[in-house]
C-alpha cells in the first residue's frame with residue numbers, strides 16, 4: 092500500500108500496444124515540457140522588482156494580457172496547495188501521534204478555521220514586505236499565504252481524522268514489521284488518508300478561487316497593492332466599467348476551473364481509489380482520460396526507477412528518527428506530572444497573549460469597541476442565518492431530485508462542481524449594477540452576494556447524501572405505498588440530514604468569510620456599504636486601523652466558534668446518533 096510506487100497499472104504499459112504506448116509517451120512528454128516551460132516563464136514575473144505604485148488602475152484590461160494573468164493566478168493556487176499539503180502532513184501527524192500536542196493543536200486549528208481568511212492578508216502583508224523589500228515576491232507571498240489559509244485547515248482536519256481512525260490491525264502490523272517513522276508515514280499513514288485528503292483538497296481548492304481573487308488586490312493602510320492575475324484584471328475592469336473585459340474574464344475562469352478539474356482533480360480522485368481499504372467500493376469506479384494516458388505511458392514507471400536510489404537513500408537517512416513504536420502505556424505518575432507542566436505552560440502563554448492584546452486595544456480604541464463590533468456581528472449573523480435557511484429551502488429539494496436520479500446526477504454533478512468552484516466575486520460587478528439601477532440597499536442585497544459562493548455547499552452535500560440512500564430503502568418506501576410527504580419525513584430527510592449539516596457548516600463559514608467583501612462593493616466610482624461586521628473589518632483594514640481590525644476579527648471568530656459549538660455540533664451529533672443510514 093506504499094504511496095511511493097508509480098501509478099497503479101503502470102506495469103500494464105508492458106502489454107500495451109507499441110503505437111498506443113508511444114503516443115501516450117509523446118503526449119506525456121510534451122505536456123511535461125510545456126508545464127516546465129510555463130513555470131519557468133511565470134517565475135520571472137514573481138522575482139520582478141517591486142513597484143509600490145502598482146495599483147488597480149495600473150492593471151491593463153487588454154484581452155491579450157488575460158491568458159498571462161490567468162496563468163499567474165493558477166500558479167499561485169498550486170503553490171498554495173503544495174504548501175497546504177506540507178503543512179497538513181506535519182501538523183496532522185504531530186496532533187495524531189502526540190496526546191499532549193493534540194490537546195493544543197486541534198483547538199488552535201479550530202480557532203484558525205474560524206478566522207476570516209482575508210484577515211490574514213492585512214496582518215501578514217507588512218511581514219512579507221519586510222522580508223522581501225525590493226521584490227514583488229513579498230506581495231506574492233502574502234497572496235499565496237491567503238490561499239494557503241483557505242485550503243490548509245480543511246485538509247488538515249481531514250488527514251487528522253484519517254490518522255486517528257486507522258484500523259487497529261494496520262497499526263499492529265506496522266509495529267510488528269518494525270517500520271521506521273518515515274516508512275510508516277509513507278507506507279501506512281498517507282495511503283490510509285489519501286481518499287479523504289484528495290476529496291477535501293479538491294473542495295478546498297475550489298473554495299480558494301474566491302480568496303485568490305480578493306488576495307490579488309490588497310487594500311491595507313490606505314494603499315492598494317495589485318498583482319498580475321485574473322483577480323486584479325477583474326478589479327481593474329470593474330473600476331473602468333468595462334463589461335466586455337468582465338465577460339471575457341468570466342469565460343476564462345470557467346475554462347480554467349473545468350480544465351483543472353479534468354486534468355488534475357479527476358485523475359487524482361480516480362488514482363486515489365487504489366488506496367481504498369476493506370470491502371467498501373464505489374458503485375461506479377471514477378474514470379479519467381488523463382489517468383488512462385499516464386497508465387499507458389511508460390514514462391512514469393521509468394521516472395520511478397530513476398528515482399529509486401534517491402528514495403532508498405532518503406529512507407536510510409530517516410532511520411535516525413527511530414522506529415514508529417509508541418509505548419502503549421505510560422506510568423500514570425509520570426504522565427500526570429508531564430500533563431501539569433505542559434498545561435501550565437500553555438495557560439501561561441495564552442494568558443500573556445490575551446493580556447498583551449487587551450492592553451493594546453484598550454490603549455488605542457478602548458474595550459467598548461468590542462460592544463460596537465458585537466452589535467455589527469449580530470447584523471451579519473442574521474444575514475448568515477437567512478442565507479442558510481433560504482439555501483436549505485431552495486436547494487434541498489433540488490439536491491434530493493438530482494441525487495436520487497442517476498441519469499440527472501451524471502449530468503448535473505459536474506455542473507455543480509464547476510459552480511461551487513467558480514469565484515462568486517466575479518459576478519459582484521453585475522449584481523452591483525443591478526442594485527444601483529433598482530435602488531435596493533446593500534443591507535438586503537448583501538445576503539444575495541454572500542449566497543452566490545456559499546449556497547453550493549448545501550446543494551453539493553445534499554446531492555451526495557441523496558445518492559447514497561440505499562436502494563433497498565427506496566424500494567421499501569415505494570412498496571409500502573408511502574405518500575410523498577410521509578416518504579420525505581421518514582426516509583429522505585433523515586437520510587440526507589447528516590449531509591445537510593455538513594453543507595450547512597461549510598455554507599455558514601463561507602458566508603462569514605464572504606461578508607468582508609460582500610458588505611462593501613464598488614462599480615466604477617460608486618461604492619455601496621452595508622451595515623455589518625464584514626464592512627467594519629474591511630474598512631479598518633483599508634484604512635490601516637489595526638486595533639479595530641483585531642477587534643473585528645476576534646468578534647467574528649467568537650461568533651463562528653459559538654455558532655459551531657451551540658448549533659452545528661449538536662446537530663452533527665444528532666445526525667450521527669439518530670439519523671445515521673447504513
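Numbering (our numbering), first residue to last: 92 to 673.
Beta carbons are placed, not taken as given, at the ideal position from N, Cα and C, and that holds for glycine.
DSSP state of residue i mapped onto helix, strand, coil
| i | result |
| --- | --- |
| residue 101 | Here residue 101 scores only 44 on pLDDT, less than 50, and its place in the model should not be relied on; the value that follows carries that caveat. Helix, per DSSP. |
| residue 619 | strand |
| residue 561 | coil |
| residue 271 | strand |
| residue 514 | coil |
| residue 648 | helix |
| residue 226 | strand |
| residue 108 | coil |
| residue 335 | helix |
| residue 92 | Residue placement at residue 92 is poorly supported in this model, since its pLDDT is 45, which falls under 50; the coordinates still yield a value, given next. It is coil, neither helix nor strand. |
| residue 206 | coil |
| residue 191 | helix |
| residue 552 | helix |
| residue 212 | helix |
Per-residue burial, residue i [other beta carbons within 10 Å of its own, 16 or more giving buried]
| i | result |
| --- | --- |
| residue 405 | exposed |
| residue 657 | exposed |
| residue 443 | exposed |
| residue 667 | exposed |
| residue 508 | buried |
| residue 336 | buried |
| residue 135 | exposed |
| residue 660 | exposed |
| residue 453 | exposed |
| residue 300 | buried |
| residue 520 | buried |
| residue 502 | exposed |
| residue 219 | buried |
| residue 314 | exposed |
| residue 362 | buried |
| residue 511 | buried |
| residue 225 | exposed |
| residue 574 | exposed |
| residue 536 | buried |
| residue 123 | exposed |
| residue 664 | exposed |
| residue 280 | buried |
Residue i - partner residues in DSSP beta bridges
| i | result |
| --- | --- |
| residue 316 | 309 |
| residue 613 | 618 |
| residue 414 | 271 |
| residue 520 | Bridge partners of residue 520: none, in fact. |
| residue 140 | 226 |
Contacts around residue i, its chain only, beta-carbon distance under 8 Å, and the 5 residues preceding and following it disregarded
| i | result |
| --- | --- |
| residue 504 | 493, 554 |
Same chain only: Cβ atoms within 6 Å of residue i, ignoring 5 sequence neighbours per side
| i | result |
| --- | --- |
| residue 619 | 533, 612 |
| residue 599 | 475, 479 |
| residue 288 | 249, 250 |
| residue 358 | 379, 381, 382 |
| residue 465 | 646 |
| residue 455 | 638 |
| residue 182 | 247 |
| residue 102 | Annotation note: pLDDT 44 at residue 102 (below 50); position unreliable, coordinate value reported separately. For residue 102, where only same-chain residues beyond five positions count, there are no Cβ hits under 6 Å. |
| residue 559 | none |
Same chain, Cβ closer than 7 Å to residue i, neighbours up to 5 away in sequence not counted
| i | result |
| --- | --- |
| residue 367 | 286 |
| residue 617 | 527 |
| residue 518 | 543 |
| residue 215 | 233, 236 |
| residue 347 | 161, 165 |
Three or more C-beta pairs closer than 8 Å, one from the stretch 579-596 and one from the stretch 533-553: is that the case here? Verdict: yes, contact present.
At a cut of 8 Å, does the stretch 281-296 reach the stretch 234-245 through at least three beta carbon pairs? Yes, since at least three Cβ pairs between the stretch 281-296 and the stretch 234-245 fall closer than 8 Å, the two stretches touch.
Please determine if the stretch 620-631 and the stretch 601-609 are in contact, where contact requires at least 3 C-beta pairs separated by less than 8 Å. Between the stretch 620-631 and the stretch 601-609, the count of Cβ pairs shorter than 8 Å is three or higher; the stretches touch.
Would you check if there are 3 or more beta carbon pairs closer than 8 Å linking the stretch 641-650 to the stretch 201-214? With the cut-off at 8 Å, the stretch 641-650 and the stretch 201-214 touch.
Cβ contact (3+ pairs, closer than 8 Å) linking the stretch 321-333 and the stretch 157-169: Because the criterion of three Cβ pairs below 8 Å is met, the stretch 321-333 and the stretch 157-169 touch.
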